[in-house]
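2 protein chains.
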Amino acid sequence: MNVHDLPTPALLVDADALTANLADMADRLPGPRLRPHVKAHKTTALARQQAALGHTGFTCATVREVEGMAAAGLGEDLLLANEVLDARRLGALVDDAARVTVAIDSPETLAAAARGGVREVLVDVNVGLPRCGIAPDRAGWLADEARAAGLTVRGVMGYEGHLMMLPDAVERARLTEECMAKLAAAHADVGGEVVSGGGTGTYAMNTWVTELQAGSYALMDTAYTAAGLPFRQALTVLATVVSVTDHIGSLPGWAVADVGLKALGMDHGNPTVSGGQVWFVSDEHLTFASAEPLRVGDKVQVVPAHVDPTVTMHERLHVVRGDEVLDTWAVDLRGW
Amino acid sequence: MNVHDLPTPALLVDADALTANLADMADRLPGPRLRPHVKAHKTTALARQQAALGHTGFTCATVREVEGMAAAGLGEDLLLANEVLDARRLGALVDDAARVTVAIDSPETLAAAARGGVREVLVDVNVGLPRCGIAPDRAGWLADEARAAGLTVRGVMGYEGHLMMLPDAVERARLTEECMAKLAAAHADVGGEVVSGGGTGTYAMNTWVTELQAGSYALMDTAYTAAGLPFRQALTVLATVVSVTDHIGSLPGWAVADVGLKALGMDHGNPTVSGGQVWFVSDEHLTFASAEPLRVGDKVQVVPAHVDPTVTMHERLHVVRGDEVLDTWAVDLRGW
C-alpha cells in the first residue's frame, strides 16, 4: 500500500529509524539491562520487536498496559512502575501466570497490592522528582512492612525524570549520580536484586541501575533530539491539505491540514511542519504558512512536539519505508 | 454505583448541569434553529438527548462522527462541517439512506464530494478565521460549479471561530455582525435555504444564521465560563490520590493523582483542582499542592482546561448526580 492512500490523520513510523533505534539501545543495554517502557508506544507489536532483541521484561504505566501485554503473551516479567489503590486486575493476571510486580510507596499502596493478589513489589523511592516515591530514608521501613505482609520485595525503583531533558550532558550526568546515590542508599536498606530506573535521557550515564526503564528511544521525541541523544526521530503524523487560501485582505496565504488537537499531544506546544510555519491548531485542523506552494490534496508530515500523548490518541500506527506501508499495528494499550 | 467505585481516571458529567444546559439552549434556539456539534462530546447517547429536545440535525467534524451518528440512528440530517478529499465513506452512508451534507470550499473538495457519492453540499465561506472556507466573493462561483456537477447546494456555512472567546460581549457582537455580513453577501450569491454557523460563544448574538452549530454548551469549558456564558461547567475528570509526600528537604508537601497528559486536553494549559495548586502534569500523573491535607486513596475532581480534546481521550463518560453514577455512555465517535 502507498502511504498516500491512508486515511488521514495517520500515525507513521519510519521502519529504518525504528530498527536502528532498537538495535542501538540493545547494543548498549542488552537483554535484561533494559526494561523497555511501553507507555511511549502503547503497541504490543512494537513491544514484540523489543522482546525479540532480548528485552523480555517490560515497564508499564497503567493497569491496562499490564493487561494488554499479558494478553499478547508478553507477560514474562511486567513491572507496573506506578502506584495503584486497586490491584485486583493485576492479581487476576498473576493468577493467570503472568509475572506482575507493582511499585509501592506507602502503607496504602502496599495494602492494595497484598489485597489485590499481587505477590511481588518494588519500593518506589523519591530521588528528586516531586511525584511518587517514598523518602529514601523510609524505604527500608516500607520494605519490612511489605515482607511482614507476605509480599516479596524485589528491590527498588527511582526515576530521575526531572533530569531527562537537561541540555547539558555533563550536568545531567552529575545530577544523575546524586539521584542514584539516594537510590543506592535506599537499596542498601531495602535489599533485593532489582534497582530499576532511568530513562532515554540518562540511558548512557545511569550506570547504577540494574535495569533501565527507557521508552522514548524507540520512536523518539523532538525534545530528546534537542538534548543531543543519538536516536532518530521515527514518528510523524501524516495529514492531507484540505484547504489552501492565497490571501484574504491583508492576511498572507495559508494552508490547512486535517490534523488537530485530537491527533497531537500539545503539552509541549505546537507541532512542526517541514518547510512551514505553524499558525495555530484547532480540534481537527492545523493552519500553517508554507514556504513551498501547496495544493489541496497534498500530503504533509507533521512532527508532534510530544510523542507519548500523541500516540495514545491514535488507534493504529503504520510502519513505512519511504512511500510504502510495510505494516499496520494496533495501538492496543490505550485507556486505563 | 458510587462514583468512588469507578476506576480512575474517569470522565464525569454532572447530570443536572447537562440537563440545564441542554434545556436552556433549546429554549433559546428550539428545534432546527440549533444544529448541535457532536465534536464537543463525541457521544451518541448525549446526541440522542439533544435530538429528543428537537434538534434532529447535527454538525460533525470528522467522517467517523458522521458514520457513528448514522449507525446510531441519528442520520436524519448530518452536516460534515469540514472539507474532505475522499468522500466515499460519506457516499456509502447516503446509499444507506442517511442524509449527509458536506462542506466544500474548492474545486478539489467539490470534485471529491461528487466522486464519493455525496449529493448535497454547503459552500464553506471564510468569514475571518484563517482556516477553511472560500473567499466570500468566490462563493457564488463555487456554487455554480457544484450545481453544474450535479450537486444540490443547500446554502452556505461560515464559522466566526476567532470571536468565540472574546471576553467583551459587546465587541463580540459587533464583530459577529461584521462576519455574518460577509456570510450574508456570499449567501445572496450562492442561494439555498441554509445559513449555518456560529458556536457557543456567539449563540446569543448570532441572529443571522438559520442554524447555529454550537457544541460546547452541553458540557462547557472553563474558557467559555470565563467569557460570561450562562451554561454550567458539567465535565470533570475524577482521579485518585496515589501518593502524598509531606515534604522532602526544602520542598513543601504535594500530592499525586492518577490523571495525566493522556487523560487531559493540554492545549489550553494545565487543569485546575479545587483547593489545590497544580505543579505539573506527567503522562499519567498530576502533581499538585493541596490546601487541605489529602490522604492516599482520596478522590479529587480535576477540571480540564479544554473539554473537547479531553473527552476524546476517554472511552466512556459517567453521568453522575452527587456521588451516584446514573449512567455510563460510550464516547463512541472517536478516531477518524
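Protein chains in written order, with numbering that gives the first Met the number 0: chain A, 0 to 335; chain B, 0 to 335.
Quick reminder that beta carbons are idealized off the backbone N, C-alpha and C, glycines included.
In terms of Cβ geometry, residue 199 of chain B and residue 264 of chain B do not form a close pair [threshold 9 Å]. If you compare the alpha carbons of B:73, B:262, B:139, B:283 with that of residue 181 of chain B, the shortest gap goes to B:139.
Contacts between residue 178 of chain B and chain A, judged by CB atoms closer than 7 Å, are missing: the closest CB pair is about 12 Å apart.
Comparing C-alpha distances from residue 114 of chain B to each of B:136, B:83, B:15 shows the shortest one belongs to B:83. Every beta strand (DSSP E) stretch that sits fully inside the stretch 172-211 of chain B and reaches 3 residues is listed by chain position as 193-196. Residues of the stretch 179-204 of chain B that bring their beta carbon within less than 9 Å of a beta carbon in chain A are absent altogether.
Taken through DSSP and simplified to helix, strand or coil, residue 77 of chain A comes out as strand. Contact between residue 93 of chain A and residue 79 of chain A does not hold, since their C-beta atoms are separated by about 12 Å, which reaches or exceeds 8 Å.
Pairwise C-beta distances place the stretch 211-225 of chain B out of contact with the stretch 236-249 of chain B, as fewer than three of them are shorter than 8 Å. When DSSP assignments are scanned along the stretch 218-276 of chain B, the uninterrupted stretches of alpha helix (DSSP H) that are 4 or more residues long and fall wholly within it turn out to be 221-225.
Look at the stretch 91-113 of chain A: the residues with a C-beta under 9 Å from a C-beta of chain B are 104, 105, 106, 107, 108, 111.
Note on geometry: alpha-carbon atoms of residue 184 of chain A and residue 233 of chain B lie some 48 Å from one another. A distance of 9 Å or more separates the beta carbons of residue 327 of chain A and residue 7 of chain A. For residue 130 of chain B, at least one C-beta of chain A is nearer than 9 Å to its own C-beta.
In the three-state scheme derived from DSSP, where H, G and I count as helix and E and B as strand, residue 153 of chain A is classed as strand.
With 16 or more other Cβ atoms inside 10 Å of its own Cβ, residue 215 of chain A counts as buried. Within the stretch 56-137 of chain A, the alpha helix (DSSP H) runs of at least 4 residues that lie entirely inside it are, in chain order, 62-70, 87-94, 106-115.
Nearest neighbour of residue 306 of chain B by Cα position, chosen from B:11, B:1, B:39, B:231, turns out to be B:39.
For residue 1 of chain A, the closest Cβ of chain B is not nearer than 9 Å. Listed along chain A are 247, each with a C-beta nearer than 7 Å to that of residue 134 of chain B.
Taking a C-beta distance under 9 Å as the contact criterion, residue 129 of chain B and residue 253 of chain A qualify as a contact pair.
In terms of Cα proximity to residue 329 of chain B, the closest of B:46, B:25, B:28, B:2 is B:46. DSSP lists B:211 as the beta-bridge partner residues of residue 33 of chain B. The alpha-carbon of residue 44 of chain B is positioned some 28 Å away from that of residue 227 of chain B. When rounded, the separation of the alpha-carbon atoms in residue 14 of chain B and residue 210 of chain A is 47 Å. At a cut-off of 9 Å, the C-beta of residue 159 of chain A has no neighbouring C-beta in chain B.
Not a single C-beta of chain B is nearer than 9 Å to the C-beta of residue 328 of chain A. For residue 273 of chain A, the closest Cβ of chain B is not nearer than 9 Å. For residue 270 of chain B, no chain A residue has a C-beta closer than 7 Å to its own C-beta; the minimum C-beta separation is roughly 11 Å. Nearest C-alpha to residue 120 of chain B among B:131, B:146, B:137, B:135: B:146. Taken through DSSP and simplified to helix, strand or coil, residue 144 of chain B comes out as helix. Under the three-state reduction of DSSP output, residue 305 of chain A falls in the strand class.
Taking every protein chain shown into account, the CB of residue 266 of chain B has 16 or more other CB atoms within 10 angstroms, so this residue is buried. Going by DSSP, residue 17 of chain B is part of no beta strand (DSSP E) but of the alpha helix (DSSP H) stretching over 14-27.
Rounded to the nearest angstrom, the gap between the Cα atoms of residue 235 of chain A and residue 304 of chain A is 10 Å.
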